[in-house]
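Participant:
Residue numbers (the numbering used here): 124 to 272.
1. Mapping the DSSP letters down to three states, classify residue 251 as helix, strand or coil.
2. Please state whether DSSP places residue 124 in a helix, a strand or coil.
3. How big is the Cα-Cα spacing for residue 242 and residue 255?
4. Could you tell me which of 270, 267, 205 sits nearest to residue 253, measuring between CA atoms?
5. Would you tell me roughly how many angstroms separate the C-alpha atoms of residue 260 and residue 155, rounded to the nearest one?
6. Can you tell me where the alpha helix (DSSP H) with residue 174 in it begins and where it stops?
7. With a cut-off of 8 Å on the beta carbons, I'd call residue 198 and residue 265 a contact; round off their distance for me.
8. Taking only the alpha-carbon atoms, compute the straight-line gap between residue 177 and residue 183 and give it to the nearest angstrom.
Written as structure tokens, this is what we have:
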């Protein structure tokens, strides 16, 4: 909802902005990764290069594994965010043209708005269970990979 209020107040609610605004709004991942890159000690990369690693090997075997916590966090946050993209969809396209940008959470919101509380509740519970079913094994797998580093 904060994104919707911001987009509406800037009068960016027409369809020209529909493709551009999600990229402008969701830069949190980039900021997080840049900050994680800054925390990696340069000594590790220098040591890998001294040991004979190429720049590519240094990145994949030294730097990339150090970014595992950032990737874990980004994947989980984006997974949950994918199921709650109501504000961006409604602000940019209003759910249209037709039903082309209607996401699962928009359908859920419309069910509640139309008074279909039974189907809205069932859909909400289904979405919650799906997020849990996907997120918990994913976090477990990513944490297991982090522990190997």
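Glycine residues also receive a C-beta, built at the ideal position from the N, C-alpha and C atoms.
Just so it is clear, the structure is predicted and the values come from calculations on it, not from any experiment.
Facilitator: The structure says:
1. Looking up residue 251 in the chain shown gives position 128. Reduced to three states, the DSSP call for residue 251 is helix.
2. Taking the first residue of the chain shown as position 1, residue 124 is located at position 1. Confidence at residue 124 is low in this model, with a pLDDT of 47, below 50, so its placement is unreliable and the value that follows should be read with caution. In the structure shown, residue 124 sits in coil (DSSP, three-state: anything other than H, G, I, E or B).
3. The residue you call residue 242 lines up with position 119 of the chain shown. The residue you call residue 255 lines up with position 132 of the chain shown. Straight-line spacing of the CA atoms in residue 242 and residue 255 works out to 20 Å.
4. Reading the chain shown from its first residue, position 130 is the one you call residue 253. Its Cα nearest to that of residue 253, the residue 205 stands out among 270, 267, 205.
5. Your numbering for residue 260 matches position 137 in the chain shown. Your numbering for residue 155 matches position 32 in the chain shown. Whole-angstrom Cα-Cα distance: 23 Å.
6. One-based indexing of the chain shown puts residue 174 at position 51. Going by DSSP, residue 174 is part of no alpha helix (DSSP H) at all; its letter is neither H nor E.
7. Here residue 198 corresponds to residue number 75 of the chain shown, with the count starting at 1. Here residue 265 corresponds to residue number 142 of the chain shown, with the count starting at 1. The pair is a contact, with the Cβ atoms about 7 Å apart (cut-off 8 Å).
8. Along the chain shown, one-based indexing puts residue 177 at 54. Along the chain shown, one-based indexing puts residue 183 at 60. CA-CA distance, residue 177 to residue 183, rounds to 10 Å.
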